Every structure is written in C-alpha cells, then in structure tokens.
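If you read the sequence shown in the numbering used here, its first letter stands for residue 334, the second for the next number, and so on. Ideal placement from N, C-alpha and C gives every residue a C-beta, glycine not left out. Keep in mind the model is a prediction, meaning the values are calculated, not measured.
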Amino acid sequence: MFRSRYMPCENCGESLDRTAATTHECDPERLADYQIFGMRHDIAGFEQKLRDYLDRAHGRFEVWLAAQRVRRKK
Ligand SMILES: [Zn+2]
Numbered sequence: 334m335f336r337s338r339y340m341p342c343e344n345c346g347e348s349l350d351r352t353a354a355t356t357h358e359c360d361p362e363r364l365a366d367y368q369i370f371g372m373r374h375d376i377a378g379f380e381q382k383l384r385d386y387l388d389r390a391h392g393r394f395e396v397w398l399a400a401q402r403v404r405r406k407k
C-alpha cells in the first residue's frame, strides 16, 4: 500500500513531511483560518438562524427588552 510522505496536520491542515526530524507547531493565523474554514457552514447559516430566533416569541421579547434598556440609558 502506498503511504504518502506528507500528512496534513489534523489541527491546522498544513502539509507535514513525516520524515522531517523537526516537530511541528501550528501557526496561530493558519490555525484560526483552518478552524473558521471548518465552521463555514455554521457561519453562513448564522444570520438566518438569528432572524428565525428573533421572529419567535422569546426572540421578540429579547428585542423589546434591548430597546427598553437602550431607551433608559438616554
Ligand atoms: Zn498544525
């Protein structure tokens, strides 16, 4: 069975050379980009989920309560 010399890091997706003697440390920026990429479907659906929530009774109450708080601060 063919086994690739390179494997992706399971945390950041970077291609790692298995034969390299050095240990890998994830680059924080790459790690954040990779995690955001993994959540892309959740991020894309967030706005619709928020609208759906705000259209329900509990959400409408939250909107009303927020408006009350803003008015009190003026
Ligand atoms: Zn990594």
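Output needed for residue i: all residues of its chain with C-beta closer than 8 Å, excluding positions within five of it in sequence on either side, in chain order.
i      : result
Tyr339 : Ser348, Leu349, Asp350, Arg351
If you drop the 5 nearest sequence neighbours on each side, which residues of the same chain put their C-beta closer than 6 Å to that of residue i?
i      : result
Ile369 : none
Gly392 : Tyr386
DSSP three-state label for residue i, please.
i      : result
Asp360 : coil
Tell me which residues pass a beta-carbon proximity test against ligand 1: closer than 6 Å to any heavy atom, given in chain order.
Cys342, Asn344, Cys345, Glu347, His357, Cys359
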